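One structure below.
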Amino acid sequence: MVVVPVKRPSWLYVGSAVAALAVATGCNAHRPAPGVVDGVVRGYGGPLTFVNGSPSPVLNGQPMANQEVSALRDGSRVAVTTTGSDGQFSLRLPTGAYTILVSVCDLQESVTVRASQSQSLDLACGFP
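Numbering (the working numbering), first residue to last: 18 to 145.
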């Protein structure tokens, strides 16, 4: 039996090595880094109480804890979080256009997420 070596082009080895390295390291170079939308949800309004003899709404911009905040893309929910005790939230999202929804007051805010950038929102929920 005679074995005849097959000459392969050098680019084949380089291409295979690069592909193997990309798979091994989890490289995903074609996707831009996500961006962040964060902020606070505040409440305004509500029933009146009397403070020092003057009527005042129960909520005067206080941060609202435990509120659901969602990111919608093309009408579908793609991410959801809950505000902390300080009313703060943070969503890490791929680049693109989103609607941020605060469920308790049906507040919607449009945002555009850019790669590796952060946007802060101060979301005001009004209550009758």
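Here a beta-carbon is modelled for each residue, glycine too, at the ideal position from N, C-alpha and C. This one's a predicted model, so the numbers in the text were calculated from it and none came from an experiment.
What's the C-alpha gap between residue i and residue j?
i, j, result
"Leu38", "Leu124", "Residue placement at Leu38 is flagged as unreliable, the pLDDT there being 48, under the threshold of 50; the coordinate-derived value follows with that caveat. Rounded to the nearest angstrom, the two C-alpha atoms are 46 Å apart."
"Ala141", "Arg48", "33 Å"
"Gly52", "Asn69", "45 Å"
"Ser137", "Ser71", "34 Å"
"Tyr61", "Glu126", "17 Å"
"Ser93", "Thr112", "16 Å"
"Val130", "Tyr115", "8 Å"
"Leu65", "Val58", "20 Å"
"Arg109", "Gly143", "26 Å"
"Asp103", "Val75", "17 Å"
"Gly78", "Ala96", "25 Å"
"Ser73", "Asp91", "39 Å"
Going by C-alpha to C-alpha distance, which of the options sits closest to residue i?
i, options, result
"Leu118", "Gly52, Thr112, Ser107", "Ser107"
"Ala82", "Pro145, Arg90, Thr100, Thr66", "Thr100"
"Gln105", "Pro74, Ala96, Val86, Ala114", "Val86"
"Thr98", "Pro80, Val54, Ala50, Gly143", "Val54"
"Ser120", "Ser133, Leu89, Arg109, Val128", "Leu89"
"Asp139", "Ser133, Val128, Ser73", "Val128"
Can you tell me where the beta strand (DSSP E) with residue i in it begins and where it stops?
i, result
"Arg94", "93-99"
"Gln79", "71-80"
"Val121", "Looking at the DSSP string, Val121 is not in any beta strand (DSSP E), and its letter there is neither H nor E."
"Asp55", "52-68"
"Ala141", "135-144"
Do residue i and residue j have their C-beta atoms closer together than 9 Å?
i, j, result
"Gly63", "Pro145", "yes"
"Ser135", "Ala50", "no"
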